[in-house]
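Heads up, the thing below is written out as structure tokens.
Residue numbers (our numbering), protein chains in the order written: chain A, 1 to 482; chain B, 1 to 79.
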């Protein structure tokens with residue numbers, strides 16, 4: 001059941017009404033409803049995999065308690081190790097088995113090691129990382145283990161975030177579901193606005209970008225370099241708007257239930273360095289990787305100074321790539337991002353602002369050129385992200401840098417000059433809105449606009465744009481396959 | 001070693017690593033609030049502090065730091 005479907009709208013309405021009118025008595029009854037609804041939602045994708053989710057909940061709940069209650073250091077270490085092995089083992093079996101079993105891929109980059117025989121359980125990468133973070137935090141005594149199985153189950157299975165995150169830390173989520181939630185009209189309407197913006201970015205921007213990019217990526221041999229260049233531009237915005245759209249919808253839905261999820265994107269294309277970009281792109285995954293991969297690794301390699309930090313950052317970004325899937329294209333995607341950090345580490349720039357909360361716009365040319373240069377570098381990595389094999393990626397890039405870059409455009413099926421122009425126009429509107437709204441918690445938080453008529457006009461205009469220019473051809477969310 | 005001396009040396013290291021001479025001492029400040037202090041620069045600062053004060057931190061101790069004051073308290077407990 002996709003977030004953008006009549007079935008989900010009905011499901012959400014029923015759960016919302018039951019939550020605030022029938023199960024409103026206390027935190028326990030609210031959590032019972034959320035858990036039942038979440039397991040129902042999950043079982044619609046694959047009933048059998050609900051069993052795996054329940055196993056993950058039970059295993060991590062009890063291993064967390066065991067780690068906390070064990071005093072002997074060696075025993076605690078062994079318990080943590082077994083927790084890591086079981087969680088990563090399950091993830092490995094479903095996600096990475098084929099990559100490591102098909103050793104022939106080392107000699108043949110044309111082969112695509114995909115999990116053809118193994119179906120991937122929905123959201124496994126997201127919820128596994130959450131529970132891994134939980135048991136590591138308990139081991140490090142950063143948090144106490146959760147004493148209530150119902151609360152812990154709600155944390156892991158919560159339906160707005162189970163399919164594609166955000167990857168929530170237990171420290172932030174558990175206290176919210178431990179207490180009774182009271183209906184907050186302002187929070188709920190804010191959630192509705194965030195859902196509306198998510199729908200705009202997904203249905204209007206991402207899906208229209210997909211109409212151009214998808215057929216080109218699937219058949220790049222048939223198109224000249226000029227079309228491939230435009231397709232890679234559209235593909236980057238497809239990925240961004242698809243996932244940020246999903247995240248905004250998920251966060252907005254959660255606000256309807258009085259639970260705040262973490263922000264996952266914050267205008268990443270306004271970044272002027274790769275470091276800043278990753279602080280704004282898939283923020284919850286970056287934070288997870290930095291805390292549980294980069295920090296321990298760089299800590300253990302700190303005697304090697306900059307070299308240790310560089311090795312750690314490259315390993316971390318290869319892990320980010322691998323998190324997306326068991327394909328060489330994702331490994332190269334991660335590796336490139338890691339490599340982009342090298343100049344930053346070797347030649348650190350002087351800072352002028354002592355505090356980090358200052359927001360600057362791109363009015364000066366130097367800042368704009370840095371943003372544009374970074375955008376091109378990200379676009380290059382996106383070609384690997386969107387291709388089915390390394391051979392395809394290199395073929396794609398070769399063609400962009402060939403004479404055919406200057407030949408006339410070949411339009412993919414079902415696209416036109418007008419449709420493409422409209423898509424670019426919506427990308428410009430999206431970026432302008434993001435630029436103006438960066439100090440806000442999301443793009444449609446318009447409290448600073450005093451006139452209620454103007455605010456309502458904006459909402460109605462967005463709804464009309466969705467109805468008139470939305471595309472339902474690529475309705476599934478890209479990140480639900482991770 | 002006195003707290004003031006630790007603060008002074010720590011501030012010099014932070015300014016050097018973050019390449020920002022304008023950073024002023026405020027014990028309440030967290031790493032996120034200081035421009036340029038992220039996971040990358042964090043480890044360089046930690047290494048420099050270890051060398052300066054001839055101490056060794058544990059990762060567990062670093063994970064529990066809340067702000068600059070807690071960093072100073074941690075250093076003080078080791079020198």
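For each residue, glycine too, the CB sits at the ideal point set by N, CA and C.
- Its Cα nearest to that of residue 13 of chain A, the residue A:253 stands out among A:206, A:253 and A:94.
- In the same chain as residue 131 of chain A, and ignoring 5 residues on each side of it, the C-beta atoms closer than 7 Å to its own belong to 56, 60, 87 and 156, in chain order.
- Between the beta-carbon of residue 200 of chain A and that of residue 466 of chain A there is about 6 Å, and that keeps the pair under the 8 Å contact cut.
- By the 16-neighbour rule on beta-carbons within 10 angstroms, residue 441 of chain A is exposed.
- Chain order gives the chain B residues near residue 142 of chain A as 63 and 64, where near means a beta carbon separation below 8 Å.
- In the three-state reduction of the DSSP assignment, residue 34 of chain B falls in the strand class, which pools E and B.
- Note on the stretch 18-75 of chain B: whole alpha helix (DSSP H) runs with a minimum of 4 residues are 39-53 and 59-63, in chain order.
- About 7 Å separates the Cβ atoms of residue 38 of chain B and residue 279 of chain A, confirming a contact at the 8 Å cut-off.
- A Cβ-Cβ distance of about 17 Å is found for the pair residue 50 of chain A and residue 91 of chain A, leaving them out of contact under the 8 Å criterion.
- In the assembly as shown, residue 472 of chain A is an exposed residue. Its beta-carbon has fewer than 16 other beta-carbons within 10 Å.
- Close to residue 348 of chain A, with beta-carbon spacing below 7 Å, are these residues of chain B in chain order: 19.
- For the stretch 32-43 of chain B, residues whose beta-carbon sits nearer than 9 Å to a beta-carbon of chain A comprise 32, 33, 34, 35, 36, 37, 38, 39, 40, 41, 42 and 43.
- Annotated as proximal: residue 383 of chain A and residue 396 of chain A, with beta-carbon spacing under 8 Å.
- In this structure, residue 7 of chain A lies away from residue 207 of chain A, with their beta-carbon atoms at least 8 Å apart.
- Boundaries of the alpha helix (DSSP H) harbouring residue 305 of chain A: 305-324, taken from the DSSP string.
- 8 Å or more divides the Cβ of residue 177 of chain A from the Cβ of residue 26 of chain A.
- The beta carbon of residue 64 of chain B sits closer than 8 Å to those of 70, all from its chain and outside the five residues before and after it, given in chain order.
- Taking 9 Å as the Cβ-Cβ cut-off, the stretch 44-57 of chain B approaches chain A at 44, 46, 47, 50 and 57, given in chain order.
- Within 8 Å of the CB of residue 60 of chain B, the CB atoms of chain A belong to 140 and 141, in sequence order along the chain.
- Contact annotation, residue 19 of chain B with residue 349 of chain A: C-beta distance approximately 7 Å; criterion of less than 8 Å satisfied.
- Shown here for residue 407 of chain A: same chain residues with a beta carbon closer than 8 Å to its own, the five before and five after excluded, namely 224, 225 and 226 in chain order.
- Just measuring C-alpha positions, the residue of A:308, A:2, A:415 and A:403 sitting nearest residue 215 of chain A is A:415.
- Under the DSSP assignment, residue 289 of chain A falls in the alpha helix (DSSP H) whose first and last residues are 283-289.
- Per DSSP, reduced to three states, the secondary structure at residue 167 of chain A is coil, with no helix or strand assignment.
- A straight-line Cα-Cα distance of about 44 Å links residue 274 of chain A and residue 28 of chain A.
- For residue 4 of chain A, the three-state secondary structure derived from DSSP is coil.
- Of the residues assessed, residue 122 of chain A falls on the buried side of the cut-off, its CB having 16 or more other CB atoms within 10 angstroms.
- Taken through DSSP and simplified to helix, strand or coil, residue 263 of chain A comes out as coil.
- A:247 is the residue among A:247, A:235 and A:153 whose C-alpha sits nearest the C-alpha of residue 164 of chain A.
- Residue 93 of chain A is classed as exposed because its beta carbon has fewer than 16 other beta carbons within 10 Å across all chains shown.
- One alpha carbon belongs to residue 52 of chain B, the other to residue 42 of chain B, and they sit about 15 Å apart.
- In this structure, residue 19 of chain A lies near residue 257 of chain A, with their beta-carbon atoms less than 8 Å apart.
- Annotated as distal: residue 7 of chain B and residue 44 of chain B, with beta-carbon spacing of 8 Å or more.
- Between residue 68 of chain B and residue 26 of chain B a beta carbon distance of about 7 Å is seen, short of the 8 Å cut, so the two are scored as contacting.
- Collapsing the DSSP output to three states places residue 470 of chain A in coil.
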